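K.L.:
Numbering (this note's numbering), first residue to last: 31 to 203.
In this text, a Cβ means the ideal position worked out from N, Cα and C, and glycines have one as well.
Computed from a predicted model, the values in this text were never measured in an experiment.
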(Lines of atoms letter the chains of each structure in order from A; the text may use other names.)
(Lines give C-alpha, C1' and ligand atoms only; values in the text may rest on other atoms or scores of the structure.)
Protein backbone atom coordinates (compact mmCIF):
# COMPACT_ATOMS: atom_id res chain seq x y z
CA UNK A 31 0.00 0.00 0.00
CA UNK A 32 2.83 2.38 0.86
CA UNK A 33 4.48 1.61 -2.48
CA UNK A 34 1.23 2.36 -4.31
CA UNK A 35 0.91 5.71 -2.54
CA UNK A 36 4.50 6.58 -3.44
CA UNK A 37 3.92 5.61 -7.08
CA UNK A 38 0.78 7.74 -7.25
CA UNK A 39 2.60 10.71 -5.74
CA UNK A 40 5.44 10.28 -8.24
CA UNK A 41 3.16 10.12 -11.25
CA UNK A 42 1.15 13.07 -9.97
CA UNK A 43 4.38 15.06 -9.75
CA UNK A 44 5.74 14.16 -13.14
CA UNK A 45 2.54 13.75 -15.17
CA UNK A 46 1.93 15.88 -18.22
CA UNK A 47 0.68 19.33 -17.45
CA UNK A 48 -1.34 19.59 -20.67
CA UNK A 49 -4.47 18.43 -18.91
CA UNK A 50 -3.83 20.94 -16.13
CA UNK A 51 -4.30 24.02 -18.25
CA UNK A 52 -0.97 24.72 -19.89
CA UNK A 53 -0.79 27.72 -22.14
CA UNK A 54 -0.15 27.27 -25.85
CA UNK A 55 2.09 29.17 -28.27
CA UNK A 56 0.43 32.48 -29.11
CA UNK A 57 -1.36 32.75 -25.75
CA UNK A 58 -0.72 35.84 -23.66
CA UNK A 59 1.37 34.93 -20.62
CA UNK A 60 -0.38 36.16 -17.47
CA UNK A 61 1.01 39.10 -15.52
CA UNK A 62 3.12 38.03 -12.55
CA UNK A 63 5.20 39.44 -9.72
CA UNK A 64 7.54 37.17 -7.72
CA UNK A 65 10.52 37.52 -5.39
CA UNK A 66 14.00 36.39 -6.43
CA UNK A 67 16.67 34.72 -4.30
CA UNK A 68 18.01 38.12 -3.21
CA UNK A 69 14.60 39.28 -1.98
CA UNK A 70 14.04 41.59 -4.96
CA UNK A 71 10.70 41.73 -6.74
CA UNK A 72 10.70 40.69 -10.39
CA UNK A 73 7.61 41.07 -12.57
CA UNK A 74 6.31 40.50 -16.05
CA UNK A 75 6.44 44.29 -16.46
CA UNK A 76 10.22 44.12 -15.83
CA UNK A 77 10.48 41.52 -18.60
CA UNK A 78 8.43 43.48 -21.17
CA UNK A 79 10.35 43.70 -24.44
CA UNK A 80 12.59 40.75 -23.49
CA UNK A 81 12.53 37.08 -24.38
CA UNK A 82 12.77 34.77 -21.39
CA UNK A 83 12.51 31.13 -20.40
CA UNK A 84 10.42 30.68 -17.27
CA UNK A 85 11.26 27.18 -16.05
CA UNK A 86 9.32 25.69 -13.16
CA UNK A 87 11.15 23.18 -10.99
CA UNK A 88 9.77 21.07 -8.13
CA UNK A 89 12.29 21.58 -5.32
CA UNK A 90 15.66 23.26 -4.91
CA UNK A 91 18.69 21.01 -4.43
CA UNK A 92 16.92 17.78 -5.39
CA UNK A 93 18.56 15.56 -8.03
CA UNK A 94 16.37 16.40 -11.04
CA UNK A 95 16.20 20.10 -10.27
CA UNK A 96 19.93 20.28 -9.73
CA UNK A 97 20.52 18.50 -13.04
CA UNK A 98 18.19 20.87 -14.89
CA UNK A 99 19.65 23.97 -13.24
CA UNK A 100 23.23 22.88 -13.91
CA UNK A 101 22.45 22.03 -17.53
CA UNK A 102 20.89 25.47 -18.03
CA UNK A 103 23.92 27.03 -16.28
CA UNK A 104 26.33 25.11 -18.50
CA UNK A 105 24.47 26.34 -21.60
CA UNK A 106 24.00 29.89 -20.32
CA UNK A 107 26.26 31.43 -22.98
CA UNK A 108 24.00 30.00 -25.69
CA UNK A 109 20.96 31.60 -24.10
CA UNK A 110 22.77 34.92 -23.74
CA UNK A 111 23.80 34.78 -27.41
CA UNK A 112 20.16 34.14 -28.34
CA UNK A 113 19.04 37.07 -26.18
CA UNK A 114 17.07 34.89 -23.78
CA UNK A 115 16.98 35.45 -20.03
CA UNK A 116 16.51 32.44 -17.74
CA UNK A 117 14.20 32.58 -14.73
CA UNK A 118 13.64 29.50 -12.57
CA UNK A 119 10.46 29.27 -10.48
CA UNK A 120 9.66 27.02 -7.52
CA UNK A 121 7.54 27.08 -4.39
CA UNK A 122 10.71 27.34 -2.29
CA UNK A 123 11.36 30.40 -0.12
CA UNK A 124 13.83 32.99 -1.44
CA UNK A 125 16.41 31.90 1.17
CA UNK A 126 16.27 28.30 -0.10
CA UNK A 127 16.65 29.49 -3.68
CA UNK A 128 19.60 31.67 -2.58
CA UNK A 129 21.33 28.55 -1.18
CA UNK A 130 20.65 26.73 -4.46
CA UNK A 131 22.11 29.60 -6.52
CA UNK A 132 25.18 29.86 -4.27
CA UNK A 133 25.85 26.13 -4.15
CA UNK A 134 25.69 25.61 -7.93
CA UNK A 135 26.84 29.07 -9.10
CA UNK A 136 23.76 29.74 -11.20
CA UNK A 137 24.11 32.95 -13.24
CA UNK A 138 20.33 33.39 -13.40
CA UNK A 139 17.59 34.31 -10.97
CA UNK A 140 15.40 31.83 -9.13
CA UNK A 141 11.95 33.12 -8.25
CA UNK A 142 9.68 32.07 -5.40
CA UNK A 143 6.00 31.43 -6.14
CA UNK A 144 5.12 30.61 -2.54
CA UNK A 145 1.45 31.55 -3.07
CA UNK A 146 1.43 29.25 -6.13
CA UNK A 147 -0.71 31.80 -7.96
CA UNK A 148 1.39 31.87 -11.13
CA UNK A 149 1.89 28.10 -11.06
CA UNK A 150 -1.88 27.50 -10.97
CA UNK A 151 -2.46 30.08 -13.72
CA UNK A 152 -0.02 28.40 -16.13
CA UNK A 153 -0.48 24.70 -15.36
CA UNK A 154 2.54 24.12 -13.10
CA UNK A 155 0.08 23.25 -10.32
CA UNK A 156 -3.57 22.17 -10.24
CA UNK A 157 -4.24 24.01 -6.99
CA UNK A 158 -2.47 25.97 -4.25
CA UNK A 159 -2.40 22.78 -2.17
CA UNK A 160 0.09 21.13 -4.53
CA UNK A 161 3.38 20.50 -2.72
CA UNK A 162 5.76 20.90 -5.69
CA UNK A 163 5.58 22.60 -9.05
CA UNK A 164 5.39 20.47 -12.18
CA UNK A 165 8.58 20.53 -14.22
CA UNK A 166 7.36 22.65 -17.14
CA UNK A 167 8.71 25.68 -18.98
CA UNK A 168 7.56 28.53 -21.15
CA UNK A 169 9.53 30.52 -23.66
CA UNK A 170 7.93 33.96 -23.55
CA UNK A 171 8.54 36.52 -26.29
CA UNK A 172 9.14 40.26 -26.00
CA UNK A 173 5.42 40.84 -26.64
CA UNK A 174 4.50 38.80 -23.54
CA UNK A 175 3.10 35.91 -25.58
CA UNK A 176 4.07 32.26 -25.29
CA UNK A 177 6.52 31.34 -28.04
CA UNK A 178 6.88 27.71 -26.94
CA UNK A 179 5.43 25.58 -24.13
CA UNK A 180 7.30 22.62 -22.66
CA UNK A 181 4.91 20.27 -20.82
CA UNK A 182 7.28 17.30 -20.45
CA UNK A 183 10.72 18.56 -19.50
CA UNK A 184 13.69 16.20 -19.41
CA UNK A 185 16.05 17.85 -16.88
CA UNK A 186 19.21 16.77 -18.69
CA UNK A 187 18.06 17.67 -22.19
CA UNK A 188 15.90 20.75 -21.68
CA UNK A 189 18.58 23.35 -22.37
CA UNK A 190 19.50 21.68 -25.67
CA UNK A 191 15.82 21.40 -26.63
CA UNK A 192 15.15 25.09 -26.01
CA UNK A 193 18.34 26.18 -27.79
CA UNK A 194 17.38 24.01 -30.80
CA UNK A 195 13.91 25.58 -30.83
CA UNK A 196 15.47 29.06 -30.68
CA UNK A 197 17.71 28.20 -33.65
CA UNK A 198 14.67 27.01 -35.63
CA UNK A 199 12.77 30.17 -34.76
CA UNK A 200 15.68 32.34 -35.90
CA UNK A 201 15.86 30.35 -39.13
CA UNK A 202 12.14 30.84 -39.76
CA UNK A 203 12.42 34.64 -39.66
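Assuming contact is defined by CB atoms lying nearer than 7 Å, are residue 25 and residue 118 in contact in what I supplied?
P.N.:
Look at the range of the chain in this structure, 31 to 203, and you will see that residue 25 is not part of it.
K.L.:
Tell me, please, which residues DSSP counts as bridged to residue 115.
P.N.:
By one-based count along the chain shown, residue 115 stands at place 85. Paired residue(s): 82.
K.L.:
Can you give me the C-alpha to C-alpha distance between residue 166 and residue 68, rounded to a whole angstrom?
P.N.:
Counted from its first residue, the chain shown places residue 166 at position 136. Counted from its first residue, the chain shown places residue 68 at position 38. Looking at the two C-alpha atoms, the distance is approximately 23 Å.
K.L.:
Between the C-alpha atoms of residue 200 and residue 171, what's the straight-line distance to the nearest angstrom?
P.N.:
In the chain shown, residue 200 corresponds to position 170, counting from 1. In the chain shown, residue 171 corresponds to position 141, counting from 1. When rounded, the distance between both Cα atoms is 13 Å.
K.L.:
Less than 6 Å between C-beta atoms, sequence neighbours within five positions excluded: which residues of the same chain meet that for residue 86?
P.N.:
Numbered from its first residue, the chain shown carries residue 86 at position 56. Only 119, 154, 163, 166 meet the Cβ criterion.
K.L.:
Under the three-state reduction of DSSP, which class applies to residue 102: helix, strand or coil?
P.N.:
In the chain shown, the residue the question calls residue 102 occupies position 72. Of the three classes helix, strand and coil, the one that applies to residue 102 here is helix, per DSSP.
K.L.:
So residue 65 is in the beta strand (DSSP E); what residue range does that whole segment cover?
P.N.:
Position 35 of the chain shown, counting from 1, holds the residue named residue 65. 63-66 is the span of the beta strand (DSSP E), which, as asked, contains residue 65.
K.L.:
How close, in whole Å, do the beta carbons of residue 135 and residue 160 come, if the pair is a contact with beta carbons under 8 Å?
P.N.:
Residue 135 sits at position 105 when you count from the first residue of the chain shown. Residue 160 sits at position 130 when you count from the first residue of the chain shown. Residue 135 to residue 160, Cβ: 29 Å. No contact.
K.L.:
When the distance is taken between beta carbons, is residue 192 closer than 7 Å to residue 83?
P.N.:
Counting from 1 along the chain shown, the entry for residue 83 is found at position 53. Counting from 1 along the chain shown, the entry for residue 192 is found at position 162. Yes, they are a contact pair.
K.L.:
Short check: CB of residue 58 to CB of residue 74, under 7 Å?
P.N.:
Position 28 of the chain shown, counted from the start, is the residue given in the question as residue 58. Position 44 of the chain shown, counted from the start, is the residue given in the question as residue 74. Their beta carbons are not under 7 Å apart, which means residue 58 does not touch residue 74 by this criterion.
K.L.:
Would you please verify whether the beta carbon of residue 152 is less than 7 Å from any beta carbon of chain B?
P.N.:
In summary, chain B is missing from the structure at hand, where a single protein chain is found.
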